[in-house]
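Participant: By the working numbering, the letter at position 264 of the sequence shown is numbered 378, and the numbering carries on one by one without gaps.
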Amino acid sequence: MITLRLTHTAHQLSGKCTITGSKSESNRLLILQALFPALEVLNLSNSDDTQAMMRGLSSSEETIDIGHAGTTMRFLTSYFATTPGAQKILTGSKRMQERPIKILVEALRAIGAEIEYLNNEGYPPLRISGKKITTERVELAANVSSQYITSLMLIAPKLSNGLTINLVGEITSVPYINMTCSLLHKVGIKAVFEGQTIQVFPQENIESKTVEVESDWSSASYHFSMVALAENAQVSIKNYVADSLQGDSVLVDIYKQLGVSSTFEGNTLHLKNNGNAQQHIALNLIKAPDIAQTIAVTCFGLGISCDLTGLHTLKIKETDRLVALHTELTKLGADIRVTNESLHLAARQNSIHKDIVIDTYHDHRMAMAFAPLGIKVPIRINDAEVVSKSYPTFWDDLRSLGFSVDLAK
């Protein structure tokens, strides 16, 4: 385990970074490519999760260990369950075996899939026997993770009769469902999402297509945070578009409240600190929960208060992110309160505690969300190599922006 010490003595930020393709888009397109080989995908993510997806799809072994890759676990469960003749055991890290998958498994069983739990009911590892599926309707709870829904949407066009998904309850992370719909449309598959119903039509083959993956907006969030926290900052990040499919592109509007101006020039996004951060922000992040950690840390660094809601899915991520944020921000001197679905941070009255060691709990977003505080005070990040899950070049990009990133002594 590597611990890094971060400092940035200049407090001024300038530079250019190129971030690889979105993990969310890459993993969706890899499943579609496996189903429709006429699809070519460019600018794939270089994240651990996407590497895990590629290994899982190409493996001839019966047992596939996907490590910490939650998206891979969910997408491959549906993929193998609906691939006639597939005999697979899907397993992962200790944390992965604590992350629930029952809602997805029950939905797949309801349409005829054959899946059994090898250890604990409702959790990986899973034994999957792939079958031809002809059932064309399924009901699914919509308030836990949009990845369950997306997992079914992606395999639906290869089912004999397609699939109609009736969603029950409040839908979590609607932008991610819209992203999946848009990617299906790009590939040439008919899909409709209206109200509480998603219908994906069957399709035997597609015409040859090339799709380029947009860069990852979740990864961009750390650059927004750095720009907000620097006294003077101008940073450019490449391969972004204004009309993004990704829900986390709401960063542009959110960080306007935190003093960051955003402008697009071609596929380059320019970020500038304009010094106009508000003293309090209140946000419902139900449509973009992955950027909650970054926003909370930014607000703490700026010394402002925030109320963040819509965060119930953070409890089943790589770690319980709400508890982790409470623990680590408290170490730094924060006055913070969390519930099962919200975070409430008081305006900071005192200086940030220096040289605090931040534990990351095997969670890439914990490491990257706290790193920008190195602009304000020296900070140490445990298990720093965990960033490879989604953004392997993160520490190199920080160095290019003037950070000192050194092994902690």
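All residues carry an ideal CB built from backbone N, CA and C; glycine is no exception.
What are the start and end residues of each continuous alpha helix (DSSP H) run of 4 or more residues lying completely inside the segment 386–433, in chain order?
Facilitator: Correct list: 406–416.
Participant: Between residue 344 and the rest of its own chain, which residues show a CB-CB distance below 7 angstroms, the 5 nearest in sequence each way excluded?
Facilitator: For the purposes of this step, residue 344 is taken as residue 230 along the sequence shown, with counting starting at 1. Closer than 7 angstroms at Cβ, skipping near neighbours: 125, 126, 127, 387, 489.
Participant: Under the DSSP definition of a beta bridge, which residues are partnered with residue 307?
Facilitator: Translated into the one-based positions of the sequence shown, residue 307 becomes position 193. Its beta-bridge partners are 312.
Participant: Determine the burial state of residue 116: buried for a count of at least 16 other Cβ atoms within 10 Å of its Cβ, exposed for fewer.
Facilitator: Within the sequence shown, numbered from 1, the residue matching residue 116 stands at position 2. Classification for residue 116: exposed.
Participant: Assuming contact is defined by CB atoms lying nearer than 8 angstroms, are residue 312 and residue 340 in contact in what I supplied?
Facilitator: Here residue 312 is taken as the residue at index 198 of the sequence shown, counted from 1. Here residue 340 is taken as the residue at index 226 of the sequence shown, counted from 1. Cβ distance not < 8 angstroms, so residue 312 and residue 340 don't count as in contact.
Participant: Contact check, residue 199 vs residue 170 under 8 angstroms by CB: the rounded distance?
Facilitator: Counting from 1 along the sequence shown, the entry for residue 199 is found at position 85. Counting from 1 along the sequence shown, the entry for residue 170 is found at position 56. Between residue 170 and residue 199 the Cβ distance is about 17 angstroms, and since that is not below 8 angstroms, they are no contact.
Participant: Hey, residue 403 and residue 372: beta-carbon distance below 8 angstroms or not?
Facilitator: The residue labelled residue 403 in the question sits at position 289 within the sequence shown. The residue labelled residue 372 in the question sits at position 258 within the sequence shown. No, the Cβ-Cβ distance between residue 403 and residue 372 is not below 8 angstroms.
Participant: With respect to the beta strand (DSSP E) encompassing residue 347, which residues constitute its N-terminal and C-terminal limits?
Facilitator: Within the sequence shown, the letter at position 233 stands for residue 347. Residue 347 -> beta strand (DSSP E) spans 346–352.
Participant: Only counting runs of 3 or more residues, tell me where the beta strand (DSSP E) segments fall wholly within the segment 239–313, in order along the chain.
Facilitator: Within the segment 239–313, the complete beta strand (DSSP E) runs of at least 3 residues are 240–243, 251–255, 277–282, 305–308.
Participant: Rounding to the nearest angstrom, what Cα-Cα distance links residue 349 and residue 150 in this structure?
Facilitator: Reading the sequence shown from its first residue, position 235 is the one you call residue 349. Reading the sequence shown from its first residue, position 36 is the one you call residue 150. Distance between the alpha carbons of residue 349 and residue 150 is about 39 angstroms.
Participant: Output the residue ranges of the alpha helix (DSSP H) runs that lie fully inside the segment 171–229 and measure 4 residues or longer, sorted by chain position.
Facilitator: Listed in chain order, the complete alpha helix (DSSP H) runs (minimum 4 residues) inside the segment 171–229 are 184–195, 216–224.
Participant: Spatial neighbours of residue 445 within its chain, please: CB distance less than 6 angstroms, with the 5 preceding and 5 following residues excluded, ordered by chain position.
Facilitator: By 1-based counting over the sequence shown, the position of residue 445 is 331. Closer than 6 angstroms at Cβ, skipping near neighbours: 470.
Participant: What are the complete alpha helix (DSSP H) segments, minimum 4 residues, inside the segment 443–490?
Facilitator: Counting only runs of 4 or more, we get 478–484.
Participant: Does DSSP classify residue 502 as helix, strand or coil?
Facilitator: Residue mapping note: residue 502 aligns to position 388 of the sequence shown, counting from 1. Three-state result, residue 502: helix.
Participant: Which residues in the same chain have their Cβ closer than 6 angstroms to the Cβ of residue 395, if we skip the five residues on either side of it in sequence?
Facilitator: Sequence index remark: in the sequence shown, residue 395 carries index 281 (1-based). Only 371, 420 meet the Cβ criterion.
Participant: Judging by CA-CA distance, which residue of 518, 436, 506 is the nearest neighbour of residue 132?
Facilitator: For the purposes of this step, residue 132 is taken as the residue at position 18 of the sequence shown. Residue 132 has its Cα closest to that of 506, out of 518, 436, 506.
Participant: Does the segment 185–196 come into contact with the segment 243–261, if we say contact requires no fewer than three beta-carbon pairs (one atom in each stretch) closer than 8 angstroms?
Facilitator: The segment 185–196, when compared against the segment 243–261, does touch it at the 8 angstroms Cβ threshold.
Participant: Compare the Cα-Cα distances from residue 233 to each of 205, 121, 217, 517 and report the closest residue.
Facilitator: As a position in the sequence shown, residue 233 is number 119, starting the count at 1. Minimum Cα distance to residue 233 is reached at 205.
Participant: Ordered along the chain, which non-local residues of its own chain (more than five positions away) have a Cβ less than 6 angstroms from that of residue 416?
Facilitator: Here residue 416 refers to the residue found at position 302 of the sequence shown. Here the set comprises 391.
Participant: How about residue 286 and residue 265: are their beta carbons less than 8 angstroms apart?
Facilitator: Locating residue 286 in the sequence shown gives position 172, counting from the first residue. Locating residue 265 in the sequence shown gives position 151, counting from the first residue. Result no, Cβ atoms of residue 286 and residue 265 do not sit closer than 8 angstroms.
Participant: Could you tell me the distance, in whole angstroms, from the CA atom of residue 478 to the CA atom of residue 323?
Facilitator: As a position in the sequence shown, residue 478 is number 364, starting the count at 1. As a position in the sequence shown, residue 323 is number 209, starting the count at 1. Going by the C-alpha atoms only, they are around 33 angstroms apart.
Participant: Does the segment 321–336 come within contact of the segment 480–487, defined as at least 3 CB pairs closer than 8 angstroms?
Facilitator: Yes: at least three Cβ pairs fall under 8 angstroms.
Participant: Taking the C-alpha atoms as reference points, what is the distance between residue 292 and residue 256?
Facilitator: In the sequence shown, counting from the first residue as 1, residue 292 sits at position 178. In the sequence shown, counting from the first residue as 1, residue 256 sits at position 142. One C-alpha to the other measures close to 14 angstroms.
Participant: Taking the straight line between their C-alpha atoms, what separation do you get for residue 383 and residue 351?
Facilitator: For this step, residue 383 is matched to residue 269 along the sequence shown. For this step, residue 351 is matched to residue 237 along the sequence shown. So the two alpha carbons sit approximately 5 angstroms from each other.
Participant: In the DSSP assignment, what are the bridge partners of residue 126?
Facilitator: Here residue 126 refers to the residue found at position 12 of the sequence shown. Answer is 346.
Participant: Along the chain, which unbroken stretches of the alpha helix (DSSP H) at least 4 residues long are found entirely within the segment 132–175?
Facilitator: For the segment 132–175, whole alpha helix (DSSP H) runs of length 4 or above, ordered along the chain, are 137–149, 162–172.
Participant: Relative to the C-alpha of residue 321, which candidate in 314, 331, 301, 330 has its C-alpha closest?
Facilitator: Translated into positions along the sequence shown, residue 321 becomes position 207. Nearest C-alpha to residue 321: 301.
Participant: Output the distance between the C-alpha atoms of residue 309 and residue 514, rounded to the nearest integer angstrom.
Facilitator: The residue given as residue 309 occupies position 195 in the sequence shown. The residue given as residue 514 occupies position 400 in the sequence shown. Cα to Cα, the separation comes out at about 46 angstroms.
Participant: Rounded to the nearest angstrom, how far is the Cβ of residue 137 from that of residue 164, given a contact under 8 angstroms?
Facilitator: For the purposes of this step, residue 137 is taken as residue 23 along the sequence shown, with counting starting at 1. For the purposes of this step, residue 164 is taken as residue 50 along the sequence shown, with counting starting at 1. With 8 angstroms as the limit, residue 137 and residue 164 qualify as a contact, their Cβ atoms being about 6 angstroms apart.
Participant: Using a Cβ-Cβ cutoff of less than 6 angstroms, which residues in the same chain neighbour residue 356 once the five nearest sequence positions on both sides are dropped?
Facilitator: What you label residue 356 is simply residue 242 of the sequence shown in a count that begins at 1. The residues are 378.
Participant: Per DSSP, what kind of secondary structure is residue 374 in: helix, strand or coil?
Facilitator: Translated into positions along the sequence shown, residue 374 becomes position 260. Correct three-state label for residue 374: strand.
Participant: With DSSP run on the structure shown, which of helix, strand or coil describes residue 325?
Facilitator: As a first step, residue 325 is located in the sequence shown; it is residue number 211 there, counting from the start. Residue 325 falls in the strand class under three-state DSSP.
Participant: Hey, how far is the Cα of residue 366 from the Cα of residue 342?
Facilitator: Here residue 366 is taken as the residue at index 252 of the sequence shown, counted from 1. Here residue 342 is taken as the residue at index 228 of the sequence shown, counted from 1. So the two alpha carbons sit approximately 12 angstroms from each other.
Participant: Considering only the beta carbon of each residue, do residue 262 and residue 217 sit closer than 8 angstroms?
Facilitator: Residue mapping note: residue 262 aligns to position 148 of the sequence shown, counting from 1. Residue mapping note: residue 217 aligns to position 103 of the sequence shown, counting from 1. Yes.
Participant: Measuring alpha carbon to alpha carbon, tell me which of 453, 212, 251 ends up nearest residue 240.
Facilitator: Walking along the sequence shown from the start, residue 240 turns up at place 126. When only C-alpha atoms are compared, the closest one is 212.
Participant: Would you list the one or two residues that DSSP bridges to residue 382?
Facilitator: Position 268 of the sequence shown, counted from the start, is the residue given in the question as residue 382. According to DSSP, residue 382 bridges with 352, 379.
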